[in-house]
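The structure appears below as C-alpha cells.
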Amino acid sequence: MDPILVVPEFSNMFPTDLSGVSLNRDIYFDIDLESGTMPISISPYLMDLSELKELNDQLKDGTMRMFMDYRQMNKVTVKNNYSLPRIDDLFDQLQGASLISKIDLRFDYHHLKIRASDIPKKAFRIRCGHYEFLVMSFCLTNAPL
C-alpha cells in the first residue's frame, strides 16, 4: 500500500504547533495497585557537582530526557487479564481498507492522560524538585504497546 500524503493538500486541517500537555480526550489510563500497597519511596541517585550542573542546564533548556525506573511499582500493579490480538486477525480486519493512519504512533503515550487519582502514584523527585506526570510514560505495567 502506498502512503497518501494528505498534509500538503489539507494543511489548514493540521496544527502547526503540537506543544503542550496533550489533546483533550475522554480516555484515561488507570494505575490499579494491589490492596494494601504502601507508597514506594526511593531516594534520588547521588550526583557529583558536574552531573548536577548538567541536570540543571538540561532542565533550563528543555533537553532533558527522563527515564523512570517503575520496576517496584510494576511489581504491585494489578495486571490486565486480556490477551493481545493476533496479527492475522488484525490483517483480516484491515482487509479492504483504503486508508490506514499512523497518526500518533510515535508520541501516543504522551496523549493518554492518567486518571487524576492515579497521578501521585507516578510522582518522582530529583535534586531540583518534585514532579508528577499528567500523561502516560513508558515502562508501566498495562501501558499500551
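At position 110 of the sequence shown (counting the first as 1) the number is 110 in full-length UniProt numbering, and the numbers step up by one without a gap. Beta carbons: idealized from backbone N, C-alpha and C, even for Gly.
DSSP three-state assignment for residue i, whether helix, strand or coil
{"i": "Asn79", "result": "Position check: residue 79 holds Lys in this sequence, whereas Asn was assumed. Lys79: coil per DSSP, three-state reduction."}
{"i": "Phe138", "result": "coil"}
{"i": "Arg115", "result": "coil"}
{"i": "Arg86", "result": "coil"}
{"i": "residue 172", "result": "As displayed, the chain neither begins before 1 nor continues past 145, which places residue 172 out of reach and without an answer."}
{"i": "Phe133", "result": "coil"}
{"i": "Leu33", "result": "strand"}
{"i": "Phe10", "result": "coil"}
Whether residue i touches residue j by CB criterion (8 Å)
{"i": "Leu112", "j": "Met136", "result": "yes"}
{"i": "Leu55", "j": "Met66", "result": "no"}
{"i": "Arg127", "j": "Pro44", "result": "yes"}
{"i": "Phe29", "j": "Ile114", "result": "yes"}
Sequence-distant residues of its chain with Cβ nearer than 7 Å to residue i (five each side left out)
{"i": "Ser83", "result": "none"}
Own chain residues within Cβ distance below 6 Å of residue i, not counting five before or after
{"i": "Ile31", "result": "Asp118, Lys121"}
Cβ distance (whole Å) where residue i is taken to contact residue j below 8 Å
{"i": "Thr77", "j": "Thr141", "result": "4 Å"}
Member of the options whose CA lies at the smallest distance from the CA of residue i
{"i": "Asn80", "options": "Tyr131, Glu34, Ile27", "result": "Glu34"}
{"i": "Met68", "options": "Ala123, Gly129, Leu5", "result": "Ala123"}
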